[in-house]
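A.B. asks:
Chains as they are written, first to last, in our numbering: chain A, 1 to 556; chain B, 1001 to 1556.
1. Using 8 Å as the Cβ pair cut-off and three pairs as the minimum, do the region 63-73 of chain A and the region 114-131 of chain A touch?
2. Please work out which residues of its chain come closer than 7 Å, Cβ to Cβ, to residue 1473/B, disregarding the five sequence neighbours upstream and downstream, and give them in chain order.
3. Are any of the Cβ atoms in chain B nearer than 8 Å to that of residue 549/A?
4. Check whether the region 1241-1253 of chain B and the region 1079-1086 of chain B are in contact - that is, three or more C-beta pairs closer than 8 Å.
5. Who are the near neighbours of residue 1141/B in its chain, counting only those whose CB is closer than 6 Å to its CB and skipping five residues on each side?
6. Can you tell me the Cα-Cα spacing of residue 500/A and residue 13/A, whole angstroms?
7. Anything in chain A within Cβ reach of residue 1354/B, meaning under 8 Å, just list it in chain order.
8. Please list, in chain order, the chain B residues whose beta carbon lies closer than 8 Å to that of residue 530/A.
9. Which chain A residues are close to residue 1509/B, counting only those with a beta carbon under 9 Å from its beta carbon?
10. Around the Cβ of residue 317/A, are there at least 16 other Cβ atoms within 10 angstroms (buried) or fewer (exposed)?
11. Taking C-beta pairs closer than 7 Å, name the residues in chain A that residue 1341/B reaches, listed in chain order.
12. Can you find the residues in the same chain that come closer than 7 Å, C-beta to C-beta, to residue 1510/B, ignoring five residues on each side of it along the sequence?
13. Give the interface partners of residue 1395/B over in chain A, defined as CB-CB distance under 8 Å, in chain order.
14. Alpha carbon to alpha carbon, what distance is there between residue 138/A and residue 103/A?
15. Against chain B, does residue 211/A count as a neighbour if the rule is that its beta carbon must be under 8 Å from one of theirs?
16. Counting pairs of Cβ atoms below 8 Å between the region 1155-1167 of chain B and the region 1185-1199 of chain B, do you hit three or more?
17. Anyone know if the C-beta pair for residue 462/A and residue 494/A falls short of 8 Å?
18. Would you be able to state if there are at least three C-beta pairs under 8 Å between the region 1483-1494 of chain B and the region 1379-1391 of chain B?
19. Residue 1231/B bridges to which residues according to DSSP?
20. Rounding to the nearest angstrom, what Cα-Cα distance links residue 1376/B and residue 313/A in this structure?
21. Residues of chain B with a CB under 8 Å from the CB of residue 520/A: which are they?
22. So, with DSSP's three-state summary, where would you put residue 1139/B?
23. Using a Cβ cut-off of 8 Å (strictly closer), state whether residue 1127/B contacts chain A.
24. Identify, in the order they occur along the chain, each residue of the same chain with its Cβ nearer than 7 Å to the Cβ of residue 1236/B, setting aside the five sequence neighbours on each side.
25. Beta-carbon of residue 13/A versus every beta-carbon of chain B: anything under 8 Å?
26. With a threshold of 8 Å between beta-carbons, can residue 1070/B be considered close to chain A, or not?
27. Does residue 1080/B come out as helix, strand or coil in the three-state DSSP assignment?
28. Measure the alpha-carbon distance for residue 1221/B versus residue 43/A and round it to whole angstroms.
29. Return the first residue and the last residue of the alpha helix (DSSP H) that residue 484/A is part of.
30. Assuming the contact rule is C-beta atoms closer than 8 Å, residue 1003/B and residue 1203/B should be a hit. Round their C-beta distance to whole Å, please.
31. Terminal residues of the continuous beta strand (DSSP E) containing residue 97/A?
32. Determine whether the beta carbon atoms of residue 227/A and residue 407/A lie at a separation below 8 Å.
33. So does the region 274-290 of chain A actually touch the region 401-415 of chain A, counting three or more Cβ pairs closer than 8 Å?
34. If I follow the unbroken beta strand (DSSP E) through residue 1242/B, where does it start and stop?
35. For residue 1112/B, which of helix, strand or coil comes out of DSSP?
36. Restricting to runs no shorter than 3 residues, where is the beta strand (DSSP E) found entirely within the region 23-76 of chain A?
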């Protein structure tokens, strides 16, 4: 049997657009001689469409699209497409199954309903779907194909095992499996185990594309009954892989290379950003660039995702900005070929100081000195520091309002964890590209991108300079935060693995610093709740993946 | 048997504090002669503690607290307390049951595990808990008491029915049932039906208190086997209700009155605000007051929840602010007895205009005229309007940073729905008190509060003036939005009932306006995602209750 792994990038909610894409890909598969075209999970409505799955009229639209696809199907090919199947009657608050329609000869020939509905991590499928309770298989071109969907085969047993036991030669597994670092390799290992248990061929067909926080990385594959990878689709792009089952002897296998670790992370960020911009209809993005490493990485990603002509960098120096960082910021814009706008913020800082001095510094207000008397300055404090960040945020948003830009924020995961960011300041923007990238990984990604470019797209001085927010004279991140190597290790244990203080200390981390980091993470929950969404690249990102109350007196 | 309904207000994560409160209340119940003290669902760890329930060390802490409570229990009383019971072994990603510990004679005598785990609306219990599969009952003072938890009895059948059939005279139902408008009445009706089905007494013991978006309204009750309400605890406050089963003839029933509709909504908002402030450790709140109806309501609520000495109102006039609204703002502060701060924003508007003019208005920049030449003003546009709101947001946040205030935002549900609010401007703040209150209800609540005060706490001019954001000369909300009566009807259908366009039009709403409102609601999702949390008072609030993707091409 000739099989097509149809790794497409649908858009959530775009039922008609997704169906049109599926129809075109069925034709491509058929033209390549495929007898079976497998599409990803829920590719007609898009995934995850969240509470759209609760809307009756949304379900009706996706059913109509599936029926239309079936009617339009040319002879000689069977297609498997994921859709949200309305529950006929007697449903509870949930109105749908997470289903797979098997289309052939002008009609929907069979519908399989996902048995195992993940409800952990980023998944809420038990909020939306009624589980199916039965396995199923279809005969395609003389081969018996067992039907499963994603989670169904993430553990041993039925429905996959039952279908294999009943004679399925191939287990089909349309999926919507989101990326985190190294996930593709994990899937090949785990499903290899499954294929050996089943003693069957195994076809994993994943979504590809960005959807808000999530990136689906593709990397669909066909495994042999021994777990060997017989075909592999590309990561982070649409791909049609046509392969015969069993594989003919002596022909080269269609095996896309898996990317090296850092390039994989970079690819995920690039695709997540690209798709957020395109699927939401933005033509242009803007970001503030400071000369620091974080905004340098986001600028690189934006240019790689969109091209330099769709990116504007904005440098907004204050009196605390050093000439060196300003020069670096301008150099980065030059190297990347983007537009650069320069707006000094000192005049606005003066305005706020005049307006606020008596309210921020009651002592001065009670004296006879003028509020802006330079001989009696207010203590530089958090309020004044934050105002600088917020002026910059306002400027970015004004440019966004005027020109229709999407503003990108540049905070990394280490900062977002401990609240080392200004709400409505550097946190102002629509998409937080690197919010799940720890600071130590930011450096690695920039260095690797320079290496791939064969030149210093980002100057070495940006990489070597000690990190600073430059909100007061001679400020360094290390004044208020532990060394980033240690901080990132603590954060990984606390945020990604839910370890408690005692476990971390037992693992050799210093107790005093652990306590302080836990305190900072916990009390920054309110900030994160108002942060822009960003791209998940770790096993636990801030967002739908880690849901903690703001009001929370548990220490750790 | 003498029964105590222990309607307490625990704090999420405060395991030791909650246990201490429970111990004190058991003593109070015992002193009143109670033989059985029933506490709400998950009262030891707090509810909903969200992903805290996934932390092993959090579970361990709550188990230790329950064991300590059991050891400290005086003879003669049985106590039922809700806790998160760790799964011994073989659990999946979930590590706990949602359980009820029955404490007596110095030990945990029995543990019941909730059978039905809600996973819809604001509930995610299948993310956290493994369902129990068995019913259970205990004998207390000669009476057989069937054990259930909240959702277990929201539909007919087991486990409640099975225990009643097996001879339970009383069904105990500790709950964590959040408020929406009219919910208390719904519960009494629905559980009355249940009591009749069971032919048993029915004790509903609810949490009370605010937890981020949710308010638990209390209103615990005891029903007779005929569904009659035999005892009712207060709404929106802690309450200990002691009542005998069966009720002795001729004694008055301990029946707190249920509040009239508008007072109930007001009470929910007041408690939600109070608890967010207190449980997060704030001493003071501040809010911008414009002279409009929304900030007037929030100011009233803040003063009622916290007292006038803990509230500062900040009036921030621009050249577009009318004398009348300014006077009204000052009058409200005077009537409520709060501090008032006055910070005109024109100087900062000038600073931004100078800095941005050439970037917002390229034509002017290309000419020879000075960017701030008053004879060639920039077109008043969205960017300039938003800058005013954002200057105000910055000022509020600076005061917050300096003085440790919680900043309250004042946007209502109608505005939050259609995006008629400025991100980082009037949306800047930590708690969005009335974000689930439709504009038409804002008026009703203010009028009712004036009526209760017996005087115009909020001047009639505020209520009578046509709504305006005052961001440009002569601006009115009605310039860009439909009449609020119609808007709120459309929003209720679309947001709260998930109706589609065709259903709304069939119900008589004008198609063109329905289309426009749907478009505005859908495209404002990114703003709401960055909004502060606020108090849920309707059956579907923005927040954990309505989870829609930002990237979404489905129109409606």
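The beta-carbon is built from N, C-alpha and C at its ideal position, and this holds for glycine as well. Quick caveat, the model's predicted, so the values are computed rather than measured.
C.D. replies: Reading off the structure:
1. no
2. 1320
3. yes
4. no
5. These residues qualify, in order along the chain: 1001 and 1035.
6. 40 Å
7. 347
8. 1530, 1531 and 1532
9. Here the premise fails: no neighbours, minimum Cβ distance about 15 Å.
10. Counting Cβ neighbours within 10 Å, residue 317/A comes out buried, since at least 16 surround it.
11. Going along chain A in sequence order, the residues near residue 1341/B (Cβ under 7 Å) are 359.
12. none
13. Neighbours of residue 1395/B in chain A, taken as residues at a C-beta separation under 8 Å, are given in chain order as 352, 355 and 356.
14. 11 Å
15. yes
16. yes
17. no
18. Below 8 Å, too few C-beta pairs join the region 1379-1391 of chain B and the region 1483-1494 of chain B to call them touching: fewer than three.
19. 1222/B
20. Here residue 1376/B scores only 35 on pLDDT, less than 50, and its place in the model is too uncertain to base an answer on.
21. Residues of chain B passing the Cβ test: none, with the nearest at roughly 15 Å.
22. Note: residue 1139/B maps to strand in three-state DSSP.
23. yes
24. Counting only Cβ-Cβ distances below 7 Å, and skipping sequence neighbours, we find 1208, 1217, 1218, 1267, 1268 and 1271.
25. Interface residue, yes.
26. no
27. strand
28. 48 Å
29. 484-491
30. Under the criterion of beta carbons closer than 8 Å, residue 1003/B and residue 1203/B qualify as touching, at roughly 6 Å.
31. 96-104
32. Taking 8 Å as the Cβ cut-off, residue 227/A and residue 407/A do not qualify as a contacting pair.
33. yes
34. 1239-1244
35. Residue 1112/B: strand per DSSP, three-state reduction.
36. 36-38
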